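What follows is a single structure, written as structure tokens, with notes after it.
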Amino acid sequence: MKTQKLAAIDIGSNSLKLVIIEAAASDSFTVLLQERERVRLGHETLKNRFLSDEAINLSAATIAKFRSIAESREVDSIIAVATASVREAENAAEFVSEIEKRTGVRIEVLSSLEEARLIGVAVAQFFGADNDSLLNIDIGGGSTELSLMKNGEPHKLFSMKLGAVGLTEKFVFSNPPKARELKNLQAEIVFALIQPMRKMEGETWKLSTGTSGTILNLAALLNFQTPENQAGKPEIQLKKLISLNKMLAKIPLEKRAQLPVISPQRAEVIVAGGQILEGVMRAFNIQTLQPCAYALREGVIIDYLGELKAESLPPVPDVDDIRLRDVFAIGRRFGYEETHALQVAGLAEKIFDALAPIYNLQRHGRTLLSAAALLHDIGYHISHEAHHKHSLYLIKHSEMTGFSENEKLMIANIARYHRRALPKEKHADFMQLNERDRKITAQLGAILRISDALDRGYENHVKDIQFKLDKRNLYLKLISDQDCTIEQKAIEQKKDLFEAAFDCKLKAA
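Residue 454 in the numbering used here sits at position 1 of the sequence shown, with consecutive numbering throughout.
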């Protein structure tokens with residue numbers, strides 16, 4: 454990979470941040486410049502679930518300034534991402550469109566779990582290969598993300614609507630906070646942590662880490678150092694944090710603002726931020742936590758550099774439909790298992806060709822099916838848990854040359870239904886399609902479901918298939934020189950959508 458200069462803009466709830474880096478490899482970079490401007494988007498969203506014209510104007514001016522700085526440093530690319538403050542706003546699409554129109558900077562609004570993944574990737578790289586498992590806590594203005602990383606990859610990700618700004622706006626009305634306000638705030642934290650605690654039962658990790666201005670400032674208060682010097686040095690001990698939180702809650706804002714190492718703006722939300730961190734550390738029995746200066750911006754950069762590395766891989770396999778070349782590039786960008794993807798896609802195409810004359814399947818659907826089959830597992834890039842939903846998200850937000858937005862939505866839904874739930878009216882992405890396209894998507898999703906079952910062990914056992922229709926019974930014969938018991942059992946487990954979509958009984962042998 455050639456040397457790259459990149460600018461990353463993080464549009465957060467409390468501020469907009471810019472970092473410019475130079476990278477000569479996909480796994481390391483040097484920070485050249487950092488800038489930060491306070492733009493309190495989180496307050497806007499929390500009050501009205503709407504970003505005002507004033508907020509849009511201020512954001513546009515700040516991003517224009519950041520772009521000017523980036524161009525003066527001759528960067529190759531500018532990457533901009535937005536988090537909870539934009540994500541939760543009802544006019545998020547208008548905000549993104551207006552910023553791009555005024556500044557030329559295109560913003561990606563991250564899902565909550567994608568935000569957690571990117572932060573986890575950054576922290577895992579910061580602490581290096583010696584730390585093969587870690588749990589990171591990131592406290593933002595509008596949400597808190599938990600990232601359980603194993604061997605540098607996301608294992609479990611959680612996002613909760615617990616932000617330092619959000620909880621301050623919702624629960625803190627007195628100065629200093631009254632006991633009842635603190636009790637209600639703490640109860641909200643405990644309630645939000647119930648599901649993550651359940652899903653984390655039995656999980657272990659070696660290192661507990663923390664990112665964000667809130668955590669760096671809490672560490673600074675405990676250690677009387679500047680926040681910028683907190684990376685990888687002092688630890689936050691739970692017992693000391695509890696004492697600090699009690700002290701912070703007893704003193705008025707004016708005195709909190711005079712404490713060393715924190716800004717007056719941070720003093721407004723540090724009580725809620727400290728309570729969030731204490732709640733998470735108590736919930737997961739974390740006695741010590743290591744602060745980390747890397748966070749979302751660095752994760753965005755690391756991920757982008759990984760994409761550049763993927764683009765330098767050998768050429769994609771020859772394909773008849775040129776549109777599938779972009780599909781292969783997307784799969785590689787998100788680290789898919791190419792051998793499995795090709796096997797599933799090949800089997801899906803064979804099943805489609807066998808069923809087409811029986812069920813009058815249109816040729817156009819074959820390409821959509823192929824694309825979905827190649828990308829059905831890319832959701833693992835975000836998390837193993839619910840990876841089919843993450844696949845849908847990543848496909849929806851990827852550039853796919855030659856496919857219309859509606860076709861891309863169909864591909865995303867087909868990939869989503871390769872496992873677990875069948876299509877339902879409560880599935881918003883599915884219901885965006887018209888009735889005809891929903892029927893096609895269900896049929897193609899059913900084929901993908903069976904194709905994935907046919908490579909259940911990732912061993913390419915099935916070489917070919919044959920179909921025979923007898924009234925409403927559809928007999929599927931697996932052609933292989935290996936024992937296919939595992940694949941046959943997988944078909945039994947995953948044939949529900951197929952039988953519903955094609956109104957038949959599927960029998961594999």
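Glycine included, C-beta positions come from ideal geometry on N, C-alpha and C. This one's a predicted model, so the numbers in the text were calculated from it and none came from an experiment.
{"Check": "Residue of E912, Y846 and K892 minimising C-alpha distance to E790", "Outcome": "E912"}
{"Check": "Anticipated Cβ contact below 8 angstroms, L800 with V915, distance rounded", "Outcome": "6 angstroms"}
{"Check": "Assumed close pair A523, I473 - CB separation to whole angstroms, cut-off 8 angstroms", "Outcome": "6 angstroms"}
{"Check": "Per-residue burial, M734 [other beta carbons within 10 Å of its own, 16 or more giving buried]", "Outcome": "buried"}
{"Check": "Residue from I903, H840 and D917 whose Cα sits closest to the Cα of A968", "Outcome": "Outside the shown range of the chain (454 to 962) lies residue 968, about which nothing can therefore be said."}
{"Check": "3 or more residues per run - each beta strand (DSSP E) lying fully within the stretch 577-617", "Outcome": "586-592, 597-603 and 606-613"}
{"Check": "Sequence-distant residues of its chain with Cβ nearer than 8 angstroms to L1009 (five each side left out)", "Outcome": "This structure does not reach residue 1009, given that the chain is present from 454 up to 962, and the question cannot be answered."}
{"Check": "Any 3 or more C-beta pairs closer than 8 angstroms across the stretch 566-576 and the stretch 601-609", "Outcome": "yes"}
{"Check": "Boundaries of the alpha helix (DSSP H) in which L950 is found, first to last residue", "Outcome": "D949 to F955"}
{"Check": "Counterpart residues of Y928 in DSSP-defined beta bridges", "Outcome": "K921 and K960"}
{"Check": "Nearest-angstrom beta carbon gap, I590 and I516 [assumed within contact, 8 angstroms]", "Outcome": "About 28 angstroms separates the two Cβ atoms, so there is no contact after all."}
{"Check": "Integer Cβ distance of G663 from G495, believed to fall under 8 angstroms", "Outcome": "G663 to G495, Cβ: 19 angstroms. No contact."}
{"Check": "Secondary structure of D905, DSSP reduced to three states", "Outcome": "helix"}
{"Check": "Backbone CA spacing between Q683 and I689 [nearest angstrom]", "Outcome": "For Q683, the predicted model reports a pLDDT of 48, less than 50, meaning its position is unreliable; a value from the coordinates is still stated below. In a straight line, the C-alpha of Q683 is about 10 angstroms away from that of I689."}
{"Check": "Rounded separation between Q941 and S836 - CA only", "Outcome": "27 angstroms"}
{"Check": "Opening and closing residue of the beta strand (DSSP E) in which I560 lies", "Outcome": "I560 to V562"}
{"Check": "Contact belief for T597 with I729 at Cβ below 8 angstroms, rounded distance in angstroms", "Outcome": "6 angstroms"}
{"Check": "Cα-Cα separation between E507 and F548, rounded to whole angstroms", "Outcome": "11 angstroms"}
{"Check": "DSSP three-state assignment for F482, whether helix, strand or coil", "Outcome": "strand"}
{"Check": "The beta strand (DSSP E) enclosing S836, as first and last residue numbers", "Outcome": "Careful: S836 lies outside any beta strand (DSSP E) and carries neither H nor E."}
{"Check": "Given S851 as reference, the closest of R873, E838 and A824 once Cα atoms are compared", "Outcome": "A824"}
{"Check": "Close-in-space but distant-in-sequence residues of the same chain around Q678 (CB under 6 angstroms, 5 per side omitted)", "Outcome": "Reliability fails at Q678, whose pLDDT of 48 lies under 50, so the model's placement of it is uncertain and the value that follows must be treated cautiously. Closer than 6 angstroms at Cβ, skipping near neighbours: no residue."}
{"Check": "Sequence-distant residues of the same chain with beta carbon closer than 7 angstroms to L821, five excluded per side", "Outcome": "E860, M863, I864, I867 and L897"}
{"Check": "For D463, the three-state DSSP class (helix, strand or coil)", "Outcome": "strand"}
{"Check": "Rounded Cβ spacing between I965 and V528 (contact assumed at less than 8 angstroms)", "Outcome": "Since the displayed the chain opens at 454 and closes at 962, residue 965 lies outside it and no answer follows."}
{"Check": "Residues near A513 by beta carbon distance below 8 angstroms, same chain, minus five either side", "Outcome": "E551, I552, R555 and T556"}
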